[in-house]
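*Asks:*
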Amino acid sequence: MNIAEVTRRYGLSHNWVRRSIEYGYNWYGTEGKLNATRTGKRWDVTEESLNRWAALEDAHNLAWALEAIDERATAIKSYDPTDEAPGFLQLAWNCPEFTRRSFDRLVAAGQLGHETITCQSSGIPWATYWRPGRAPVGAACAVSA
787 MNIAEVTRRY
797 GLSHNWVRRS
807 IEYGYNWYGT
817 EGKLNATRTG
827 KRWDVTEESL
837 NRWAALEDAH
847 NLAWALEAID
857 ERATAIKSYD
867 PTDEAPGFLQ
877 LAWNCPEFTR
887 RSFDRLVAAG
897 QLGHETITCQ
907 SSGIPWATYW
917 RPGRAPVGAA
927 CAVSA
């Protein structure tokens, strides 16, 4: 897969991909390198090395998301012990594209639930995620708290 295809599919910058081919990367404390072959001016990155990087990104994001979801559920319960609303996580509108792509992969794998919920007061759509089978009530999480 050439660098342009990698940037489109994974949401990574061209420069990051080139540096990761040439020098490697340190992603959440794990050293790695994208394996690629060069034909003339074109770099072709191996699927295996991209999958290895994506697995690191996805594992980090899943652990972080589940922790944030559980913290929000605990916070909801602390305000009202009778409230059984499940926790959820909303990504900021300006989060990196590679993070959004990672969350898309987690949803596709069934590890997170997802819906875009529009804030009732501002009209801003929020990408909202939760534990599978524990969807929040739309109106309950349509705020940017």
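Position in the sequence shown counted from 1, then plus 786, gives you the working numbering. Quick reminder that beta carbons are idealized off the backbone N, C-alpha and C, glycines included.
Kindly indicate which three-state DSSP category Tyr865 falls into: helix, strand or coil?
*Replies:* Tyr865 falls in the helix class under three-state DSSP.
*Asks:* Just to confirm the assignment, what range does the beta strand (DSSP E) spanning Ser828 have?
*Replies:* Here residue 828 is Arg; the residue named in the question, Ser, does not match the sequence. Start and end: 828 to 831.
*Asks:* From Ala811 to Asp866, what does the alpha carbon distance come to, in whole angstroms?
*Replies:* Correcting the residue type first, residue 811 is Tyr in the shown sequence and not Ala. Whole-angstrom Cα-Cα distance: 45 Å.
*Asks:* Does the beta-carbon of Asn903 have 16 or more other beta-carbons within 10 angstroms, so that it is buried, or is it exposed?
*Replies:* According to the sequence displayed, residue 903 carries Ile and not Asn. Under this definition Ile903 is a buried residue.
*Asks:* Would you call Tyr809 buried or exposed, if buried means 16 or more other Cβ atoms sit within 10 Å of its Cβ?
*Replies:* exposed
*Asks:* Where does Tyr809 fall in DSSP's three states?
*Replies:* coil
*Asks:* Can you list, in chain order, the residues of its chain whose CB lies under 8 Å from that of Ala925, leaving out five sequence neighbours each side?
*Replies:* Model confidence at Ala925 stands at a pLDDT of 46, short of 50, so the residue's coordinates are unreliable; what they give is reported in the following sentence. The residues are Gln906.
*Asks:* In or out: Trp879 buried (at least 16 other Cβ within 10 Å) or exposed?
*Replies:* exposed
*Asks:* Considering only the alpha carbon of each residue, which of Glu833, Glu791, Arg805, Ile855 lies closest to Pro872?
*Replies:* Per the Cα distances, Ile855.
*Asks:* Would you call the segment 836 to 845 and the segment 879 to 892 touching, i.e. three or more CB-CB distances under 8 Å?
*Replies:* yes
*Asks:* Leaving out five residues on either side along the sequence, give the residues of the same chain with a beta carbon under 7 Å from the beta carbon of His846.
*Replies:* Tyr814
*Asks:* Alpha carbon to alpha carbon, what distance is there between Arg917 and Trp850?
*Replies:* 12 Å
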